[in-house]
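Per full-length UniProt numbering, residue 1 is the first one in the sequence shown, and the count goes up by one each step.
No residue lacks a Cβ here, since even glycine has one placed at the ideal position from N, Cα and C.
It should be emphasised that the depicted structure is a prediction, and the values quoted were computed from it without experimental measurement.
In what follows, a single structure is set out as structure tokens and then discussed.
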Amino acid sequence: MSRFVFDSDGLIKLQKAGVLRMLAASHECLVPKKVYEESMERGKAELYEDAFELEGIIEKHMRVVKGKKVEVGKSPTRENLGPGELSAYRVHLEEGSDALISDDRAFLKFLDTQEIPFITPANGIVEMKNQEQISREKATKALDRIKGLIRDEVYERAVEEVKK
């Protein structure tokens with residue numbers, strides 16, 4: 001079973017795509033406390049319907065983890081990261097994970113410089129289809145649900161991969 005750490009962007013996009021519950025039920029998924037606060041608690045306070053569904057998925061299938069303070073050094077890329085991304089990075093260092101799930105470009109650049117594996121929501125959907133966790137049709141529908149939230153070229157490339 002793979003272990004994944006999420007940032008808010010990855011968590012919310014996979015939930016909007018309709019595949020987060022299935023992914024979380026078949027993998028060990030860690031949600032940093034800061035990410036939980038960003039994506040779920042704030043969403044509930046603003047009465048976003050998605051936040052209530054997300055809360056159920058997190059409580060049933062995921063583990064909320066408080067990351068300790070880990071010095072990540074100064075770099076132009078690191079300076080662009082928010083508390084949720086830094087928390088996800090810290091949890092990865094402390095708990096170990098196979099990959100971080102995010103779609104935040106600054107965070108992905110930072111992870112790349114640190115040689116830490118990551119998965120974008122679109123790539124996660126494609127991989128779920130490739131591993132036969134979801135059908136081609138379900139993968140296409142999932143990508144369609146997040147089309148407006150991801151870059152056009154990422155969407156088009158993912159749809160092409162799903163069709164293979």
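- Nearest C-alpha to A51 among L93, T120 and S8: S8.
- Here DSSP, grouped into helix, strand and coil, assigns P117 to coil.
- In this structure the segment 131-151 lies against the segment 17-28, because at least three pairs of beta carbons, one per stretch, are closer than 8 Å.
- In the displayed model, V5 falls within a strand according to three-state DSSP.
- Counting along the chain, E28 sits inside the beta strand (DSSP E) bounded by residues E28 to P32.
- If you draw a straight line from the Cα of D103 to the Cα of Q114, it is about 16 Å long.
- DSSP, reduced to helix, strand and coil, places I12 within a helical segment of the structure shown.
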